[in-house]
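Okay, structure first, notes after.
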Amino acid sequence: MIKVSDTASKKIIAMMQEDGFDATKDYVRVGVKSGGCSGLSYELKFDKELTENDKVFEDNNVKIAVEKKSFLYLAGTILEFSGGLNGKGFVFNNPNAQRTCGCGESFSL
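The sequence shown lines up with residues 1 to 109 when you count with the UniProt record's numbering.
Right, here's the structure in full:
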């Protein structure tokens, strides 16, 4: 399962509305791709449709779609939003990551 913090939920819902998505029907697509300074990097985008390879979760009023292949890397992850001194943005707290880069956008297992 992938969880969404209260702060991230509020930010996602607001951003979805700004981009013409409906948080009650549409999805936040979370994925993993090759690249980044640690080997794998996170992807985050909005989507209106599911595929047959998607796992779907709902947490904190946010529907999350994850391709089954990416889910292996993301199980147990908490999506958070940080607005601190190091800049604003979404942060993936991934218990599967053995090493992460300084920016928090990539990881390795």
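Where is the CB? At the ideal position from N, CA and C, for every residue including glycine.
In this text the structure is predicted, and so the values were computed from the model without any measurement.
Judged by DSSP secondary structure, ILE64 falls within the beta strand (DSSP E) whose first and last residues are 62-67.
If you compare the alpha carbons of VAL62, VAL66 and LYS88 with that of PHE21, the shortest gap goes to VAL62. With fewer than 16 other Cβ atoms inside 10 Å of its own Cβ, THR51 counts as exposed.
Sequence-distant partners of LYS45 (beyond 5 residues in either direction) whose C-beta falls short of 7 Å from its own C-beta, in its chain, are ARG29.
In the three-state reduction of the DSSP assignment, ASP26 falls in the coil class. Under the three-state reduction of DSSP output, ASP19 falls in the coil class, being neither helix nor strand.
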